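Protein chains in written order, with the numbering used here: chain P, 670 to 1059; chain G, 670 to 1059. Down below is the structure, laid out as structure tokens.
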């Protein structure tokens, strides 16, 4: 099992402290496991305290030996009750907490213990740190992408007329898991869950659901209303396979198109336009344009190609993003989207997904996970991009 | 696709209002999707407002048509911004919110909009309502259990020496998903995730992790440190398969033991004791004993059988519960556990899981999902309980 190297964790903590100092924070707590994993290398039941001056301390409820093995931090100590932390936080006046994800009652509990301390939302700092990835993180996302590549290679062997979308989804799980796919795509959100098995065929590609996505799919029930469903896959319909993979917590996200027999022209044409938009936007990504301007540019391209009304959804369901940052969570910075007035930077990793949706008949599009490094973009999910007709 | 009947939803809302009145609440908001699914039948992106007097209103962000189809509520209305709700909450003075799960910032946002209103934690009321299940809910859990039964029947066909735990986990996903298994086991917790693929062989059965469980397993990485791992399954070791299933959001949880070639005597004996504890506790469950007393009774039984030190974990890792309530979440009431001073009631559904753990060599035990109805217990997960030797 691979553990985060000491210098990796130290680098992240050092960058955190720089931003804490700028924000006049003399301490910060990290209670959400995805966040303290980033700063410690472990997701054991614990919480992290980072003082501006001094060593970070990981307080571990369970299991201490495993936390010590997984985390290169010097201070990994067992804790039973929250009150035990009091001696460690003396002199802290202005302290960061993840107020965007931590439940109200838990924050109140900390406020009760810490007393007269100013509580500040540390989530903007976390998001800022995580918007660019280190070479170590990129290597894990490369591995996730390589798992995805192997899974997609197997699809032509198993995709058959008459099987349900979810049957295919289950098979892809059985291919991906032995390669290290962890099965859950984490999202920074109370209510938004992402499923790997986002497989939509024909009309289910045009079904909208609760997620802020061009297409949601039918899903399995009102309790899981997104992704693959019990609909049978038929000949001659577009089959959109958006199968996210997770490795050591890091995700790769990609979409490819398949069909049995043939794919109707409209979806083929839409796919070609999406692919064109995808590469044209990437080629502009490092010109200093804002993400908002890149998004407008992509809309212009879709419009010129005659797909204005299908681009990223139809009618009132059109979404306002073309790409989302990706890493430990599926909704990191950057977003190539309306209102995002920052440019694409070195070290960013994002999933770019131009897609076209046609009411009642289906969807078509492409998605790749892309890293910006050495002033260039590179597709991590280097999977055959031709439409696969079986 | 199956939707919650109108009378089912009306019954739940009526019971909610009774408890709201007792707690002097004149309104309650439900922002967490598992909770508003329970009261509405839909998990579209929405939030629910229930006034003590008057009809509940589901405010839907996306997607309104689907929410109207899935929910039998009369008032399902689209909403764009939180401020839109103001006209609907006039006269509310004391209002419930799920303060145990809703992030601090979101609660603050509501406080800002609602102004001078008293905010009360509604989660104890939610837990109280959900501690017993309706016949409709039990029917969904029966279906989940029937999926599990089919999956377990297939295990002997595919379990082979030399395959990894996670390879088996992936195969079980491929069997379960086409039957309607939804792949995620929801838990009411910030940091606790449950994976279906809880498959532990030999020594991984004795590995402790962050979860409050007798055994955690090795998992796939520090980011997914629970459940099936890359360890190869060998001859002559205990193989514990705890494969939870979810159907329409409702879960069934069960554990059975397997071995290739033979199972060492200690694990066979431990299994027999666990099975004995399981049924003896069930036979006492309806005598009016508290859950705490039932738990102590189970410890006595394990001790008398000579398994005091292995029961529910070893040394400092012994856990203090034998059973957990189950439904839409994996940690509902009741808990047959230390400190739980309530009795088992009609309508409760729980997973009872006596397990023995032996340091470095593995674990053995049984688990069933059990419903209390007509004054009797009934095992929903009626799967062969003999140890399967391949």
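Just so you know, even glycine gets a beta-carbon here, dropped at the ideal spot from N, CA and C. Predicted model, so just to flag it, every value in this text is computed and none were measured.
Query: Exposed unless 16 or more other CB atoms sit within 10 angstroms - verdict on residue 696 of chain G; Result: buried
Query: Nearest to residue 642 of chain G (by Cα), restricted to the options G:673, G:747, G:793; Result: No information on residue 642 of chain G is available, as it lies outside the stretch 670 to 1059 that chain G covers here.
Query: Per DSSP, cross-strand counterpart(s) of residue 1033 of chain P; Result: P:1025
Query: Segment contact flag, the region 801–816 of chain P with the region 863–883 of chain P, C-beta cutoff 8 Å, min 3 pairs; Result: no
Query: DSSP state of residue 910 of chain P mapped onto helix, strand, coil; Result: strand
Query: Contact check, residue 1036 of chain P vs residue 924 of chain P, beta carbons under 8 Å; Result: yes
Query: Three or more C-beta pairs below 8 Å linking the region 861–870 of chain G and the region 906–913 of chain G; Result: yes
Query: Residues that residue 702 of chain G contacts on chain P, provided the C-beta gap is smaller than 7 Å; Result: 860
Query: Distance, residue 1007 of chain G Cα to residue 990 of chain G Cα; Result: 7 Å
Query: Members of the region 751–784 of chain P near chain G, C-beta cut-off 9 Å; Result: 766, 767, 768, 769, 770, 771, 772, 773, 774, 775, 776, 777
Query: Complete runs of the beta strand (DSSP E) confined to the region 762–822 of chain P [at least 3 residues]; Result: 763–766, 787–790
Query: Reduced DSSP secondary structure (H/G/I, E/B, other) of residue 945 of chain G; Result: helix
Query: Residues that residue 799 of chain P contacts on chain G, provided the C-beta gap is smaller than 9 Å; Result: What residue 799 of chain P touches in chain G: nothing, since even the nearest Cβ is about 14 Å away.
Query: Residue 947 of chain G, buried or exposed, once every other Cβ within 10 Å from all chains shown has been counted against 16; Result: buried
Query: Best match in G:902, G:900, G:914 for proximity to residue 844 of chain G [C-alpha to C-alpha]; Result: G:914
Query: Start-to-end residues for the alpha helix (DSSP H) that takes in residue 687 of chain P; Result: 675–691
Query: Residues that residue 956 of chain G contacts on chain B, provided the C-beta gap is smaller than 9 Å; Result: The structure shown contains no chain B; its protein chains are P and G.
Query: Secondary structure of residue 744 of chain P, DSSP reduced to three states; Result: strand
Query: Among G:952, G:874, G:1030, nearest to residue 1046 of chain G - alpha-carbon criterion; Result: G:952
Query: Residues that residue 680 of chain P contacts on chain G, provided the C-beta gap is smaller than 7 Å; Result: What residue 680 of chain P touches in chain G: nothing, since even the nearest Cβ is about 18 Å away.
Query: Chain-ordered chain G contacts of residue 744 of chain P [CB-CB under 8 Å]; Result: Ordered by position in chain G, no residue passes the 8 Å Cβ test against residue 744 of chain P, which lies about 18 Å from the chain.
Query: Beta carbon proximity, residue 731 of chain G to chain P, threshold 8 Å; Result: yes
Query: CB contact check: residue 840 of chain G to chain P, cutoff 8 Å; Result: yes
Query: Residue 735 of chain G: contacting residues in chain P (beta-carbon distance under 9 Å); Result: 876, 877, 878, 879, 885, 891, 894
Query: Length of the line joining the Cα atoms of residue 972 of chain G and residue 700 of chain P; Result: 38 Å
Query: DSSP three-state assignment for residue 962 of chain G, whether helix, strand or coil; Result: helix
Query: Under 8 Å from the C-beta of residue 833 of chain P: neighbouring residues of chain G; Result: 847
Query: Beta-carbon proximity list for residue 900 of chain G, same chain, < 7 Å, skipping 5 on both sides; Result: 833, 834, 870, 873, 887
Query: Beta-carbon separation (whole angstroms), residue 790 of chain P vs residue 768 of chain P, contact threshold 8 Å; Result: 4 Å
Query: Burial state of residue 687 of chain P (16 or more Cβ within 10 Å); Result: exposed
Query: Residue 864 of chain G (DSSP reduced to helix, strand or coil); Result: coil
Query: Chain P contacts made by the region 910–929 of chain G, where a contact means CB separation under 9 Å; Result: 915, 916, 917, 918, 919
Query: Neighbour flag for residue 712 of chain P against chain G, beta carbons, 8 Å; Result: yes
Query: Nearest neighbour of residue 1018 of chain P, chosen from P:857, P:963, P:766, P:1039 [CA to CA]; Result: P:1039
Query: Local conformation of residue 870 of chain G per DSSP, three classes; Result: strand
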